[in-house]
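Just so it is clear: in the sequence shown, position 165 is 164 by numbering that gives the first Met the number 0, and no numbers are missing.
Ideal Cβ positions, reconstructed from N, Cα and C, are used throughout, including at glycine.
Note that the structure is predicted; figures quoted are calculated from it, not measured.
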Amino acid sequence: MKTIGIYHTKGGVGKSAVTVFLADFLASLYDKRVLVVDLDPQNNAAGGLVGGEMLENAFIDQRSLPRLMDPATYANPDKATVETFLLQRPEQKARGKTKFLAPVSVLAGSRADWDLWMDWLAALPMDSQANYFELLSDCLKPLQQDFDICLIDFPGSQSRTLAKIGMRAAGWWLLPDKPDWFSSGDLDVPVGVVHEAQKNSPHRIRPLGTLLNICPNRGSTSYRKARASLQRLSEDGGIPPLFSKSSEILHRPEALNALDKNSSDARTLVKRYGSTTSPFYTGLRNLTKEVLERLDEKHKAPSLSVLAKFRRNLADYWR
Ligand SMILES: Nc1ncnc2c1ncn2[C@@H]1O[C@H](COP(=O)(O)OP(=O)(O)O)[C@@H](O)[C@H]1O
Ligand SMILES: [Mg+2]
Numbered sequence: 000m001k002t003i004g005i006y007h008t009k010g011g012v013g014k015s016a017v018t019v020f021l022a023d024f025l026a027s028l029y030d031k032r033v034l035v036v037d038l039d040p041q042n043n044a045a046g047g048l049v050g051g052e053m054l055e056n057a058f059i060d061q062r063s064l065p066r067l068m069d070p071a072t073y074a075n076p077d078k079a080t081v082e083t084f085l086l087q088r089p090e091q092k093a094r095g096k097t098k099f100l101a102p103v104s105v106l107a108g109s110r111a112d113w114d115l116w117m118d119w120l121a122a123l124p125m126d127s128q129a130n131y132f133e134l135l136s137d138c139l140k141p142l143q144q145d146f147d148i149c150l151i152d153f154p155g156s157q158s159r160t161l162a163k164i165g166m167r168a169a170g171w172w173l174l175p176d177k178p179d180w181f182s183s184g185d186l187d188v189p190v191g192v193v194h195e196a197q198k199n200s201p202h203r204i205r206p207l208g209t210l211l212n213i214c215p216n217r218g219s220t221s222y223r224k225a226r227a228s229l230q231r232l233s234e235d236g237g238i239p240p241l242f243s244k245s246s247e248i249l250h251r252p253e254a255l256n257a258l259d260k261n262s263s264d265a266r267t268l269v270k271r272y273g274s275t276t277s278p279f280y281t282g283l284r285n286l287t288k289e290v291l292e293r294l295d296e297k298h299k300a301p302s303l304s305v306l307a308k309f310r311r312n313l314a315d316y317w318r
């Protein structure tokens with residue numbers, strides 16, 4: 000199983016949207032066995048995939064990720080235990096050439112359980128929090144052979160420790176970013192967290208890609224400036240290399256349709272994402288293909304190096 004952390008400290012850059020889109024296309028177009036881990040109490044990604052009702056029922060049954068990540072109840076849970084926490088979008092009966100939405104498995108938690116879990120975490124002395132960085136990774140270990148790709152969705156800023164726990168379970172980092180200064184201006188924050196998640200550990204996070212998302216008109220000044228500055232930051236080794244323009248996600252009304260919790264009963268990719276020739280659909284297909292190619296790359300990905308001058312460059316490049 001290859002695990003991708005879809006991580007930025009900013010909210011609203013499309014982390015959850017990208018998680019849902021990639022899960023759908025990887026599973027339904029490329030037949031990958033996909034697991035989605037939703038670390039956000041809002042459950043936008045989990046709800047978009049399995050629907051609000053399935054989530055509510057699971058939480059009533061106490062099948063909630065922060066419960067699984069409670070070391071007092073389950074330390075190093077075994078496969079049978081972890082499997083009881085998996086929610087699955089049901090299989091559709093495929094007919095002919097139509098691409099039906101394939102099953103996707105999800106781990107998610109209720110807000111109440113996350114609140115309790117965060118309180119437990121916050122009460123720990125700072126220097127012992129690092130002892131729990133492997134909590135998620137320990138929960139995913141028993142599933143390594145059962146899935147091809149795992150996507151981890153993160154909440155906006157809040158807990159750096161939760162972000163480190165998430166990235167400690169991730170082998171690759173996908174950084175979604177909106178092409179505007181609000182989203183790019185404090186990129187040194189997620190870069191710092193990714194570095195801290197690897198500190199004092201053999202764990203290495205490979206830079207999968209920086210994805211421009213919710214893109215306005217590509218001719219706009221904001222888009223061109225953002226792309227140029229992110230390109231230079233990635234060349235400096237600060238952030239993952241940019242995905243190609245044909246993989247970028249446009250600002251489209253179809254995105255809202257696909258993310259609607261009530262659209263989780265749409266049965267085919269086309270019903271959910273529009274015609275296979277539409278710019279939105281073809282963009283997502285390109286992105287999925289590029290993600291798979293980058294995951295398979297044989298050459299060693301360049302390691303990320305935080306630059307002391309990162310913040311200054313960030314501002315300089317934007318000018
Ligand atoms: N490609 C897109 N086009 C238009 N709206 C989008 C697109 N991607 C995401 N959105 C919308 O933008 C908002 C932020 O996206 P979301 O995935 O929730 O971000 P995050 O998870 O980073 O907070 C949501 O309202 C979502 O529906
Ligand atoms: Mg989100």
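Asked                                                                                                                                  : Found
Can you name the start and end residues of the beta strand (DSSP E) that Leu294 belongs to?                                            : No beta strand (DSSP E) contains Leu294, which is instead part of the alpha helix (DSSP H) from Pro278 to Asp295.
Determine which residues share a DSSP beta bridge with Gly184 and list them.                                                           : DSSP lists no partner for Gly184.
Give me the residue from Ala168, Asn212, Asp126 and Glu90 with the minimum Cα distance to Leu21.                                       : Asn212
I need the boundaries of the alpha helix (DSSP H) containing Lys270, first residue and last residue.                                   : Leu268 to Tyr272
For Phe279, which of Arg251, Leu291 and Arg293 has the nearest alpha-carbon?                                                           : Arg251
Check whether the Cβ of Val12 sits closer than 7 Å to any heavy atom of ligand 1, and report yes or no.                                : yes
Determine the contact status of Pro319 and Arg110, defining contact as a CB-CB distance below 8 Å.                                     : Lying outside 0 to 318, the shown extent of the chain, residue 319 is not represented and no answer is given.
Closest to Gly170 by C-alpha separation, out of Pro206, Pro76, Asp30 and Gly282, would be which residue?                               : Pro206
Where does Pro175 fall in DSSP's three states?                                                                                         : strand
Taking contact to mean at least 3 C-beta pairs separated by less than 8 Å, is the segment 159–166 in contact with the segment 116–130? : yes
In the DSSP assignment, the beta strand (DSSP E) including Ser109 goes from what residue to what residue?                              : Segment: none, Ser109 is in no beta strand (DSSP E) and carries neither H nor E.
Leu241 to Ser274, Cα distance in whole Å?                                                                                              : 26 Å
Would you say the beta carbon of Ser15 is closer than 7 Å to some non-hydrogen atom of ligand 2?                                       : yes
Between the Cα of Arg66 and those of Met117, Arg88 and Thr97, spot the shortest distance and give me the residue it belongs to.        : Met117
Comparing C-alpha positions only, which one of Pro215, Ser246, Leu38 and Ala168 sits nearest to Asp152?                                : Leu38
When you compare the CB positions of Ile5 and Pro175, do they come within less than 8 Å of one another, or not?                        : yes
Hey, out of His7, Ile3 and Thr2, whose CA is closest to Val188's CA?                                                                   : His7
Using three-state DSSP, classify Leu100 as helix, strand or coil.                                                                      : coil
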